[in-house]
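Participant: Line order of the protein sequences matches chains C and U.
The C-terminal residue of the first sequence carries number 456 in our numbering, and the numbering is unbroken.
The C-terminal residue of the second sequence carries number 1456 in our numbering, and the numbering is unbroken.
The beta-carbon is built from N, C-alpha and C at its ideal position, and this holds for glycine as well.
Note that the structure is predicted; figures quoted are calculated from it, not measured.
First the structure, which I've put down as structure tokens, then a few questions once you've had a look.
Protein chains: 2
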Amino acid sequence: MTNEKIPYKIYLNESEMPKAWYNLRADMKNKPAPLLNPATHQPMTAEELSGVFCSELVQQELDNHTRDIEIPEDIRNFYKMYRPSPLVRAYCLEEKLGTPAKIYYKFEGNNTSGSHKLNSAIAQAYYAKKQGLKGVTTETGAGQWGTALSMACSYFGLDCKVYMVKCSYEQKPFRREVMRTYGASVTPSPSTETEVGRKILAEHPGTTGSLGCAISEAVETAVTNEGYRYVLGSVLNQVLLHQSIIGLETKAAMDKYNIKPDIIIGSAGGGSNLGGLIAPFMGEKLRGDADYRIIAVEPASCPSFTRGVYAYDFCDTGMVCPLAKMYTLGSDFIPSANHAGGLRYHGMSSILSQLYDDGFMEAVSVKQTDVFQAAEEFARVEGILPAPESAHAIRVAIDEAMKCKETGEEKTILFGLTGTGYFDMVAYEKFHDGQMDDYIPTDEELASYAAKLPQI
Amino acid sequence: MTNEKIPYKIYLNESEMPKAWYNLRADMKNKPAPLLNPATHQPMTAEELSGVFCSELVQQELDNHTRDIEIPEDIRNFYKMYRPSPLVRAYCLEEKLGTPAKIYYKFEGNNTSGSHKLNSAIAQAYYAKKQGLKGVTTETGAGQWGTALSMACSYFGLDCKVYMVKCSYEQKPFRREVMRTYGASVTPSPSTETEVGRKILAEHPGTTGSLGCAISEAVETAVTNEGYRYVLGSVLNQVLLHQSIIGLETKAAMDKYNIKPDIIIGSAGGGSNLGGLIAPFMGEKLRGDADYRIIAVEPASCPSFTRGVYAYDFCDTGMVCPLAKMYTLGSDFIPSANHAGGLRYHGMSSILSQLYDDGFMEAVSVKQTDVFQAAEEFARVEGILPAPESAHAIRVAIDEAMKCKETGEEKTILFGLTGTGYFDMVAYEKFHDGQMDDYIPTDEELASYAAKLPQI
């Protein structure tokens, strides 16, 4: 099928692996807006933040200027267990589509957590351990982040307390069990363990929870228990910093074979994968050294970029977290229950929001049946069963490749394949059985949520 | 943690990948016993076998003399999608155990099928396609083989009909759904679709099926439908041939870094992984070029090697298949329902049976709670959630490493990590909840099954 010199999978040698994360903010002229104290509406200080987050992570969160931040040796050693992740040339998909485009994907599902989330989980666990903490708290929805954090905490001998959105807890018992295998405690949220949980339960009896609600519970538990801090798997600047390992490896592998992508595509929920994948490419673009077309893909049922508002908003339902400026649908927004495709967070990374607002990237939204159709098409030829989240990027990569087929252009397309779909078979089953539909929020609905944004 | 030159993961370059499978039988002085016609008890001819199997696979099944059999280019191209698989130095496990032993594992779970089964599935699908067949039939228990075959058939555009042991079909709906994603049809066995299925249902109403029964149904469907053949994921000589890719890659990677294993450990159900992993090492041993300690690990609840009989036996319950000489517990033997660890087949590869009988390898059996304990210990430090099947080898690798700790010997231990346990979380849950026990068949039970062996 191929006689070209570019292998199916490009792996870096250990010696070629990045030794520092890349801090994209250093190259941004318009810096991302700071987190605000929800009471005073003043920028959060390091001291205020360090009640919630580990100290070194607070520094990373606030550092808008240091370009390269060294990856500690212990983290690099852990990365070696599952990194470098492969950069794959999708020869089989290209052939199936009959496209002249060259398609590459960076596959982050080759570890037990099953997704890219481990890249930041291990970093956050490392800094927690270094600070001498007992443990960390977090929330998880579909369970990828919770799984990754459980693995990381197990590795460093940290206690790990996960608040799992109740509907996922009940629908995804296997995810829960993986976390238990790694020694984490998993509580369905909202729970009666926290004040904010009890309050939400009193106001909404029978609720099956949301990410925003689980975040509130995790934060409360962290700040009210000695020796604990809260950690988060997306949205934050520190998370994008850690995830830059994805883009750095990708760029090193492409440079090695003299490949230059024309289009870079990533799925976008809170922005952790997209921000990591594009980081060094966006850096070149910001510095004027190269140009790339960069596309964020989001679900039509949770369209923060394409139909949201760029404004300060709460990160959680209980409003205990700092305020972040971001493209948001409003902190009360929850995608329709029939949405099975992940990427459900109401907001978006402040870094990516600023870059999008400045016109450095595009965004498109896609319907979930189209996403699952792309997922299945990809799985059948490329031999990887993608997570629904990841399949958003596949959908647009295929769409762009088909445009190349029409025009005859031999564009090079790169996308991020963030993880595997082993724990999403209920959603696949719905799709196979024709029971999946495409709910899209109306303008009126979105306006009603936007009207509740804090006035800042 | 490490400053050694040997990387965490050793990958071969594409140019270093094997271009031919290695046929271990060529180096065996005592050849494996031939398959016998169940009616005449005469060796099965190529013509007889070609009613059941694809023609080229029949040749491979019967060829005891050609040492190297070229891997067709189409198969090598498919292999490139997920191979070479990594050979991993288990630095973290070594550190956790505090052992001076050096532990390596060849990880075959890095593909959507989640196990080594894909290595033979793609080969068998290729030959079926080449012969112009419409499709293939097979059976699956836990679902690894069915998943792998579905992927392979999807790739070549072949129809794929899977008989899935009924209890697995009901307990593992996600496995079934993965197969559907790849376009396979999946039928719970015993079914009313086949004569043998109806007969078994009449004799055992309410039975939840067995591998031996599903095999009978798959074979009947293949031989009674124009353009179909039967394919099998283990036991057969052809399967071990294809799986030699595991051992060949392992040996090439070890040779590259001048590593020589002292002990080689593999889990053994029907023998597909063990036979593939050890092939080139065993070849050296048979030729007197090198010596290795080779250990087959099987479940205490299904102990073919350690407590079985070396005799001709039926491969299936319906007795429609040829007879094979093997270490067997009797074709009616089914492990206790509380056994969750896989490796449930009553017999064992004829090749491995002969080698074991000739004293070229050892066998041990392990209890399932010990297996899951090893699985969890491994997962927590190595970041891979192993399939219960694979964890049998982990158990013995840890045991051997702990012996080295006692003696201070720096032995090099190699084991095969055949796949991931994402679809085995029910079993992990049982283990976590303390609801897993260790049923071991009594001597009387085994004797009663052995008494029913065919007299040949």
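Between which residues of its own chain and Leu1277 (chain U) is the CB-CB distance below 6 angstroms, once the five residues before and five after are set aside?
Facilitator: Ile1246, Gly1247, Gly1266, Gly1416
Participant: Suppose you measure from the CA of Val1366 (chain U) to the CA of Glu1298 (chain U); what does that come to, to the nearest Å?
Facilitator: Pairing Val1366 (chain U) with Glu1298 (chain U), the inter-Cα distance amounts to about 6 angstroms.
Participant: I need the boundaries of the alpha helix (DSSP H) containing Ile1200 (chain U), first residue and last residue.
Facilitator: 1195-1203
Participant: Could you pull the start and end residues of the alpha helix (DSSP H) that Ile278 (chain C) belongs to?
Facilitator: Element bounds for Ile278 (chain C): 272-287.
Participant: Can you find a C-beta in chain U that's less than 8 angstroms from the C-beta of Ser154 (chain C)?
Facilitator: It does; some Cβ of chain U falls within 8 angstroms.
Participant: Give me the Cα-Cα distance between Glu458 (chain C) and Leu241 (chain C), rounded to the nearest whole angstrom.
Facilitator: A question about residue 458 (chain C) goes unanswered here, because the residues of chain C that appear run from 1 up to 456.
Participant: Taking a cut of 7 angstroms between CB atoms, which residues from the segment 1400-1419 of chain U lie near chain C?
Facilitator: none
Participant: I'd like the ranges of any beta strand (DSSP E) spanning at least 3 consecutive residues and lying wholly in the segment 1053-1089 of chain U.
Facilitator: Within the segment 1053-1089 of chain U, the complete beta strand (DSSP E) runs of at least 3 residues are 1068-1070, 1087-1089.
Participant: Using C-beta distances below 7 angstroms, list every residue in its chain close to Ala1253 (chain U), excluding the 5 sequence neighbours before and after it, in chain order.
Facilitator: Ile1010, Leu1012, Leu1087
Participant: Run through the DSSP bridge pairs and tell me what Leu414 (chain C) is partnered with.
Facilitator: C:Tyr104, C:Ile264
Participant: List the residues of chain U that Asn110 (chain C) touches, going by C-beta distances under 8 angstroms, in chain order.
Facilitator: Asn1110
Participant: At a Cβ threshold of 8 angstroms, is Tyr449 (chain C) touching chain U?
Facilitator: Not closer than 8 angstroms to any Cβ of chain U, the Cβ of Tyr449 (chain C) fails to qualify, so no.
Participant: Go through its chain and collect everything with a Cβ distance to Asp1433 (chain U)'s Cβ below 7 angstroms, but skip five positions before and after it.
Facilitator: none
Participant: For the putative contact between Ile1295 (chain U) and Val1364 (chain U), defined by C-beta atoms under 8 angstroms, what is the C-beta separation to the nearest angstrom?
Facilitator: Right, their Cβ atoms sit about 6 angstroms apart.
Participant: Ends of the beta strand (DSSP E) at Tyr1127 (chain U)?
Facilitator: Careful: Tyr1127 (chain U) lies outside any beta strand (DSSP E), inside the alpha helix (DSSP H) at 1118-1130.
Participant: Among the residues of its own chain, which have a CB less than 7 angstroms from the CB of Phe1078 (chain U), if the five just before and after it don't count?
Facilitator: Ile1122, Tyr1155
Participant: Report the residues of the segment 1003-1029 of chain U with a CB closer than 7 angstroms to any CB of chain C, ordered along the chain.
Facilitator: So the close ones are Pro1007, Tyr1008, Tyr1011, Glu1014.
Participant: Can you tell which of U:Glu1095, U:Ser1301, U:Gly1383 has its C-alpha closest to the C-alpha of Arg1344 (chain U)?
Facilitator: Measuring from the Cα of Arg1344 (chain U), the nearest candidate turns out to be U:Ser1301.
Participant: Buried or exposed for Lys1117 (chain U), going by 16 or more other Cβ atoms inside 10 Å?
Facilitator: buried
Participant: Shortest alpha-carbon distance to Gly408 (chain C) belongs to which of C:Gly421, C:Gly98, C:Asp68?
Facilitator: C:Gly98
Participant: Checking the sheet assignment: what are the DSSP bridge partners for Tyr327 (chain C)?
Facilitator: C:Tyr310
Participant: Three Cβ pairs or more, each shorter than 8 angstroms: is that satisfied between the segment 1312-1330 of chain U and the segment 1213-1220 of chain U?
Facilitator: yes
Participant: Might you give, ordered along the chain, the residues of its own chain that have their beta carbon closer than 6 angstroms to the beta carbon of Cys153 (chain C), omitting 5 neighbours on each side?
Facilitator: Hits under 6 angstroms: Ala125, Cys160.
Participant: Among C:Leu355, C:Pro280, C:Lys256, C:Pro454, which residue has its Cα nearest to the Cα of Ile6 (chain C)?
Facilitator: When each option's Cα is compared against that of Ile6 (chain C), the closest is C:Lys256.
Participant: Measure the C-alpha to C-alpha separation of Met1 (chain C) and Tyr91 (chain C) and round it to an integer number of angstroms.
Facilitator: Confidence at Met1 (chain C) is low in this model, with a pLDDT of 37, below 50, so its placement is unreliable and the value that follows should be read with caution. C-alpha separation (whole angstroms): 8 angstroms.
Participant: Between Met1001 (chain U) and chain C, is any beta-carbon pair separated by less than 8 angstroms?
Facilitator: Below a pLDDT of 50, predicted positions are generally treated as unreliable, and Met1001 (chain U), at 37, falls in that range; no measurement from the model is reported.
Participant: Suppose you measure from the CA of Ala33 (chain C) to the CA of Val1136 (chain U); what does that come to, to the nearest Å?
Facilitator: 59 angstroms
Participant: Measure the alpha-carbon distance for Met1436 (chain U) versus Ser1191 (chain U) and round it to whole angstroms.
Facilitator: 30 angstroms
Participant: Can you tell which of C:Asp424, C:Ile264, C:Phe423, C:Asn225 has the C-alpha that lies nearest to the C-alpha of Ala101 (chain C)?
Facilitator: C:Ile264
Participant: For Ile456 (chain C), which residues from the same chain have a beta carbon less than 8 angstroms from its beta carbon, with the 5 sequence-adjacent residues on both sides left out?
Facilitator: Leu36, His41, Ala311, Tyr312, Leu323
Participant: Sorted by chain position, which residues of the same chain lie with C-beta nearer than 8 angstroms to Arg1293 (chain U)'s C-beta, five sequence neighbours on each side aside?
Facilitator: Asp1262, Ile1263, Ile1264, Glu1362
Participant: With which residues is Tyr1230 (chain U) paired in a DSSP beta bridge?
Facilitator: Note: Tyr1230 (chain U) sits in a beta bridge opposite U:Thr1137.
Participant: Is Val1235 (chain U) helix, strand or coil when you go by DSSP?
Facilitator: coil
Participant: Quick one: measure Cβ to Cβ for Gly270 (chain C) and Val235 (chain C), integer angstroms, because I've assumed they're closer than 8 angstroms.
Facilitator: 4 angstroms
Participant: Check whether chain C comes within 8 angstroms of Phe1305 (chain U), counting only Cβ atoms and requiring the distance to be less than that.
Facilitator: no
Participant: By DSSP's criteria, Glu1362 (chain U) is part of a beta bridge. Which residues make up the other side?
Facilitator: Answer is U:Ile1295, bridged to Glu1362 (chain U).
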